[in-house]
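Participant:
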Amino acid sequence: MEQTALLAASLGAMLLTAGSGLLLVPALRRLHFGQTIKEIGPTWHQGKNGTPTMGGLMFYLGVLFGVVLGYALIAVNMPELTDGLFSPQTTQLIITILTAYAFGVVGLADDYIKVVKKRNLGLEARYKIIGQIFITGAFLISMQINGTLTTIVNLPVFGGVDFGLLYYPISFFLIIGMVNAVNLTDGIDGLAASVTFVSMLGFMFIAGWLGNLEMALFAAAVTGGCAGFLCWNFYPAKCFMGDTGSMFLGGAVVAVAYGMGRPELLLFFGIIYLAEAFSVMIQVGYFKLTHGKRIFKMSPIHHHFEMSGWSEVRIDFVFSLVTLTFVFLGCMYVYIS
Numbered sequence: 000m001e002q003t004a005l006l007a008a009s010l011g012a013m014l015l016t017a018g019s020g021l022l023l024v025p026a027l028r029r030l031h032f033g034q035t036i037k038e039i040g041p042t043w044h045q046g047k048n049g050t051p052t053m054g055g056l057m058f059y060l061g062v063l064f065g066v067v068l069g070y071a072l073i074a075v076n077m078p079e080l081t082d083g084l085f086s087p088q089t090t091q092l093i094i095t096i097l098t099a100y101a102f103g104v105v106g107l108a109d110d111y112i113k114v115v116k117k118r119n120l121g122l123e124a125r126y127k128i129i130g131q132i133f134i135t136g137a138f139l140i141s142m143q144i145n146g147t148l149t150t151i152v153n154l155p156v157f158g159g160v161d162f163g164l165l166y167y168p169i170s171f172f173l174i175i176g177m178v179n180a181v182n183l184t185d186g187i188d189g190l191a192a193s194v195t196f197v198s199m200l201g202f203m204f205i206a207g208w209l210g211n212l213e214m215a216l217f218a219a220a221v222t223g224g225c226a227g228f229l230c231w232n233f234y235p236a237k238c239f240m241g242d243t244g245s246m247f248l249g250g251a252v253v254a255v256a257y258g259m260g261r262p263e264l265l266l267f268f269g270i271i272y273l274a275e276a277f278s279v280m281i282q283v284g285y286f287k288l289t290h291g292k293r294i295f296k297m298s299p300i301h302h303h304f305e306m307s308g309w310s311e312v313r314i315d316f317v318f319s320l321v322t323l324t325f326v327f328l329g330c331m332y333v334y335i336s
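In numbering that gives the first Met the number 0, the protein residues as written are 0 to 336.
If you want it as structure tokens, here you go:
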């Protein structure tokens with residue numbers, strides 16, 4: 000029944016996410032909610048100018064529907080597995096969902112300012128970071144109250160390490176950094192959704208393996224949501240997810256990792272996100288130190304490969320394959336540890 004519930008959560012989310020695009024994409028076109036392509040990007044991206052954005056709204060209903068459907072199947076057929084509506088496990092599921100959606104709302108505000116207020120820079124950075132700090136704090140405090148937060152992290156080589164009070168500033172840095180790294184990954188058609196699809200498959204497998212059915216259900220629903228969204232976002236994209244979608248996915252990734260009590264898996268399952276973020280930091284730092292020289296042709300690193308002649312489909316495939324490789328390594332690490 001657990002496998003059936005996970006399949007239902009994934010398929011339900013996929014179908015509703017993809018189906019909602021039939022209404023959302025034409026509506027975004029009518030409202031002229033199109034993406035403005037920055038001139039600093041690859042010149043051939045100018046052809047994408049005006050493509051409907053804020054398509055990440057498709058995730059919101061689809062993922063929630065998938066989770067509810069999967070949970071309902073378990074609650075009806077095997078109620079002993081749910082431990083009651085307000086058990087710590089179910090409460091953690093609610094915390095995880097709310098956290099992902101809260102980060103998504105910050106992204107939605109950013110997109111709204113870009114496409115409605117016609118301010119291409121979107122929400123001011125200080126307000127964005129304040130919102131992310133508030134959400135991260137609320138997430139960690141909620142987990143602490145729920146009794147599902149542990150400061151012990153299983154690290155490669157070192158094993159279980161109790162970070163004590165250091166756990167909290169490190170978590171703030173990791174959570175906010177990872178959410179913004181996912182946002183950076185959403186730079187070409189299908190990339191963020193493809194990579195997150197693979198990453199969430201890994202989280203679903205590990206959560207199910209460890210007996211954390213609630214987190215497995217959420218990961219399954221997000222996996223399905225990514226598959227459904229790719230119907231609209233795979234090259235050539237008919238719709239972009241915008242910050243509305245990328246920050247939702249970023250919030251989902253960190254929330255499920257912490258909800259499982261395995262934040263160290265972000266180092267494996269989030270390898271592409273980390274590579275994207277570090278490529279920007281390296282590029283900017285090197286540019287300043289050398290007064291104008293660059294290591295990469297363009298950053299984030301997916302643009303470097305674009306400028307090197309790689310197609311968007313090839314980048315999607317290779318980056319997803321790299322993610323799959325590190326998901327496998329992460330699974331092996333969990334098995335060994």
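Note that CB positions come from ideal geometry on N, CA and C, so glycine has one too.
Note down the Cα distance separating residue 100 from residue 126, rounded to an integer number of angstroms.
Facilitator: 17 angstroms
Participant: Relative to the alpha-carbon of residue 227, which residue among 3, 5, 171, 10 has its alpha-carbon at the smallest distance?
Facilitator: 10
Participant: State buried or exposed for residue 334, treating a residue as buried only when at least 16 other CB atoms are found within 10 Å of its CB.
Facilitator: exposed
Participant: Tell me, please, which residues DSSP counts as bridged to residue 158.
Facilitator: 154
Participant: Nearest-angstrom Cα distance between residue 319 and residue 198?
Facilitator: 9 angstroms
Participant: Locate the alpha helix (DSSP H) running through residue 296, then write down its first and last residues.
Facilitator: Per DSSP, residue 296 belongs to no alpha helix (DSSP H) and is neither H nor E.
Participant: So, do the stretch 109 to 122 and the stretch 154 to 174 have three or more beta carbon pairs nearer to each other than 8 angstroms?
Facilitator: no
Participant: Taking the DSSP output, what are the residues bridged to residue 176?
Facilitator: Paired residues: none, contrary to the question.
Participant: Strictly by DSSP, which residues pair up with residue 168?
Facilitator: Residue 168 pairs with nothing; no bridge assigned.
Participant: Which one of 237, 49, 147, 184 has the shortest CA to CA distance from residue 213?
Facilitator: 147
Participant: Give a yes or no on whether the C-beta atoms belonging to residue 312 and residue 299 are separated by under 8 angstroms.
Facilitator: no
Participant: Going by DSSP, which residues form a beta bridge with residue 33?
Facilitator: 51
Participant: Looking only at its own chain, which residues have a Cβ that is under 8 angstroms from the Cβ of residue 183, when we skip the five neighbours before and after it?
Facilitator: 272, 275, 276, 279, 299
Participant: Return yes when the Cβ of residue 217 is within less than 8 angstroms of the Cβ of residue 255, no when it is not.
Facilitator: yes
Participant: Using a threshold of 8 angstroms, state whether the C-beta atoms of residue 239 and residue 50 are closer than that.
Facilitator: yes
Participant: Determine the burial state of residue 47: buried for a count of at least 16 other Cβ atoms within 10 Å of its Cβ, exposed for fewer.
Facilitator: buried
Participant: If I follow the unbroken alpha helix (DSSP H) through residue 139, where does it start and stop?
Facilitator: 124 to 145
Participant: Any idea what DSSP makes of residue 309, helix, strand or coil?
Facilitator: coil
Participant: Output needed for residue 336: all residues of its chain with C-beta closer than 6 angstroms, excluding positions within five of it in sequence on either side, in chain order.
Facilitator: 153
Participant: With H, G and I counted as helix, E and B as strand and the rest as coil, what does DSSP make of residue 120?
Facilitator: In the displayed model, residue 120 falls within coil according to three-state DSSP, outside both helix and strand.
Participant: Using CA atoms only, rank isn't needed, just tell me which of 323, 15, 94 is closest to residue 145.
Facilitator: 94
Participant: So, does the stretch 243 to 250 touch the stretch 177 to 194, judging by three or more C-beta pairs under 8 angstroms?
Facilitator: yes
Participant: Should residue 235 go down as buried or exposed, given a rule of 16 or more other Cβ atoms within 10 Å for buried?
Facilitator: exposed
Participant: Counting only the same chain and skipping the five closest in sequence on each side, list residues whose C-beta sits under 6 angstroms from that of residue 138.
Facilitator: 98
Participant: Please state whether the Cβ-Cβ distance between residue 72 and residue 3 is less than 8 angstroms.
Facilitator: yes
Participant: Kindly give me the distance between the Cβ atoms of residue 12 and residue 223, rounded to whole angstroms, as I take these residues to be in contact under 8 angstroms.
Facilitator: 3 angstroms
Participant: Which residue wins for smallest C-alpha separation from residue 257, given the options 225, 324, 142?
Facilitator: Answer by Cα proximity: 142.
Participant: Indicate whether residue 54 and residue 241 have their beta-carbon atoms separated by less than 8 angstroms.
Facilitator: In this structure, residue 241 lies closer than 8 angstroms to residue 54 by Cβ.
Participant: Please return the same chain residues whose Cβ sits closer than 7 angstroms to the Cβ of residue 64, not counting the five positions on each side in sequence.
Facilitator: 11, 12, 15
Participant: Relative to the C-alpha of residue 69, which residue among 286, 52, 92 is closest?
Facilitator: 92
Participant: Measure from the alpha carbon of residue 192 to the alpha carbon of each residue in 89, 25, 171, 231, then state which is nearest.
Facilitator: 231
Participant: What does the alpha-carbon distance come out to for the pair residue 130 and residue 207?
Facilitator: 32 angstroms
Participant: For my contact list, residue 107 and residue 243 are in at a C-beta cut-off of 8 angstroms; report their separation, rounded to the angstrom.
Facilitator: 5 angstroms
Participant: Between which residues of its own chain and residue 135 is the CB-CB distance below 8 angstroms, once the five residues before and five after are set aside?
Facilitator: 170, 171, 174, 175
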